[in-house]
Amino acid sequence: MPPKGKGRQPVSFPAFFLKWGERVGWQVPDFHLQVCDFLEWQRERKVLKVFRGGSKSTLLGRYIPWRLRGDSDYRFLNMSATAPDATKISVDAQFVIDQHPWCKNLRSTRRGQWKERRWFVEGSTDARNPNVAAFGVLSNVTSSRADEAIFDDVEVPNTIATPPLRAKLRTKMSELTHILVPGGSKLYVGTDHCVDSIYKEQIEDGADHLVIPLFAKMVLHTQDQKQPTTDFMFDWRLQQEADLYVVVGGKLLDPKQYQVHGVRDYRGGFVRLPFRPMEGTVIELYSGNTWPEYFTRAAIRFKRNECKTINEWLSQYQLLARSLKDVRLNPERLIEYPGEPEIRQVNGQVTLWINGVQMITVAAHWDCSLGKVHSDANAFSVVFSDMNGYLYWHVAEDVRGEIDSQCLEIIKIVRRLKLPAVTVETNGPGGHVPTILRGALQRAGVRCAVKESWKHTQKNTRILNAFETPLSGLYLYAHSSVKHGPAAKQMREWDPMLLEQPDDYLDSGAGAIADTPVRIGLDPDGARTVGEFTDWRQGTGTADLAMDI
């Protein structure tokens, strides 16, 4: 319920906001009132995500005065990426208190109690803690007390550029739990700037949330090289053609440049382009503009064109947790498979198959991190390859425990996958590991060779050389546990310009890929000859044998 006032008639926040809009001549859109309803009701944790330019900070600048109007002892800690950013909302709230007709006599008249970053309202009984205090999110606020902490746009490129920065930001935000009085609450407001966004994390952890993207409906298509087309489907009812926005290759098309089929059909319809987009081009279809009066087609065209990547657009306007920068090793290009290896034995010959495809070679690489300062995973990777040269990244695991326990885990994987050899990286602390692993294998009665590898090439170069070509050619498959595990996260966050970053899984995976021989595949049409030239590979031809019986 709305907070209880002290001598003031209680009003709802939507009414308070509409009154302000009436005073300044605003045309208040419906979604602003939806946000007002969400902010009015108190919960321990709330997440508000609204597209960029959707007036999130403006709404907060009216929410604070409304809450203080109802309870002059209420205390806010307003945290932004920097102190100047936090001060903007603080000053805006002061302006509203001075100008709103329902906030008369709310401003404190006592000397020194009306500063930009720290101020009180009339009727406050706490002399030490102001009603509003504005800080940068990395500031020290240990001695403060508050009823509500507002995290407004704390997730920006400068605070989340690297995993260590993201960890530092989370630590600082967690400290505010101890600043809040019993019954206090946290409000997270902003847009995602990385895959493991704070807002996404809070929502998945059960926080109450309101998410309002610029477009209510969206579908993305990627032009397929095998089946190129000019028709692209959407699966929602479209009231009129003008409601549809079509983006091809990052450019918003004029409605005259395409045909829309299926208008007012509850099953949806499709867009037909007069040209066939190039292979790999992303075609974006949107409808349900949340604020068409403000975000006109011209404004959307400008903003979409200015976004350097599609991820930047999707994260800031469609509120999907994506990395704003280009992902050099995109895990989305890993081809997922769920199957486990199957060992077959026919006529004394042992073969290994995955999803009905026979594997020809396998490479296992262990990057032991014991003793490494900037490493936290003892990554072990296994990569198979088939006769056509496709790679199958089947294992990317962190083997934990002391070195003896790690060796036992490796032995389990060796037995399960019938691995003939394991390569151990001996750079740094790995020098003694091969000897220890050989002893463990011998004691376990497992026949498996242990090879040593000393890397002379710079690590980022090794990772690029191993992954970039297979990803580009779409011939790197990955088991579900790999594609949805920490290895994929490291791929998404990996920056070739950084020397120190989480890359243990990438390093071990690169080692396994590099150890896998490149093979010439079968003729795609199934023929064993090309023109007059027969297949030259050993064991693929026929032979005549004369015998005396």
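Position in the sequence shown (first residue = 1) + 93 = the numbering used here. For glycine and all other residues, C-beta sits at the position ideal for the given N, C-alpha and C. What you are looking at is a predicted structure, and each value in this text was computed from that prediction instead of being measured.
Our two residues, Glu-294 and Ala-542, have alpha carbons roughly 43 Å apart in a direct line.
Per the coordinates, the alpha-carbon of Leu-427 lies some 49 Å from the alpha-carbon of Val-225. For the pair of segments examined, the region 451-458 was found to touch the region 593-606: the number of CB pairs separated by less than 8 Å reaches three. For Asp-301, the uninterrupted beta strand (DSSP E) run begins and ends at 301-305, by DSSP.
Spanning the alpha carbons of Gln-316 and Glu-372 requires a straight line of approximately 5 Å. Looking from the CA of Ser-574, the closest CA among Ser-474, Pro-385 and Glu-593 belongs to Ser-474. By the CB criterion at 8 Å, Phe-325 and Leu-280 fall outside the cutoff. Gln-411 sits in coil when the DSSP states are folded into three classes, being neither helix nor strand. Remark: C-beta atoms of Leu-262 and Val-282 do not approach each other more closely than 8 Å. Thr-516 sits buried, since 16 or more C-beta atoms from the chains shown fall within 10 Å of its C-beta. A residue is called buried when at least 16 other Cβ atoms come within 10 angstroms of its Cβ; Lys-576 meets this threshold and is buried. Asp-240 is not a Cβ neighbour of Gly-216, given a cutoff of 8 Å. Here Gly-361 has Met-326, Phe-327, Asp-328, Trp-329, Arg-330, Leu-331 and Gly-355 as same chain residues with Cβ atoms under 8 Å from its own Cβ, once five neighbours each way along the sequence are excluded. Rounded to the nearest angstrom, the gap between the Cα atoms of Val-353 and Glu-334 is 7 Å.
In this structure, the alpha-carbon of Ile-182 lies about 12 Å from that of Thr-175. The beta carbons of Pro-158 and Val-189 sit about 5 Å from each other, so the pair counts as a contact at 8 Å. DSSP, read as helix, strand or coil, puts His-577 in coil.
Beta-bridge partners assigned by DSSP to Leu-591: none are found. In the structure shown, Ser-236 falls within a coil segment according to DSSP collapsed to helix, strand and coil.
Contact check for Lys-112 against Trp-207 fails: the beta carbons are separated by 8 Å or more. For Leu-337, no alpha helix (DSSP H) encloses it, and the DSSP letter there is neither H nor E. In the three-state reduction of the DSSP assignment, Asn-382 falls in the strand class, which pools E and B. Taking the Cα of Gly-163 as reference, the smallest distance to any Cα among Pro-275, Val-214 and Glu-425 is reached at Val-214.
Per DSSP, Phe-473 is one residue of the beta strand (DSSP E) stretching across 472-479. Taken through DSSP and simplified to helix, strand or coil, Ala-186 comes out as helix.
DSSP, reduced to helix, strand and coil, places Thr-252 within a helical segment of the structure shown. Distances from the alpha-carbon of Lys-544 to those of Glu-433, Leu-512, Leu-132 and Arg-259 put Leu-512 closest.
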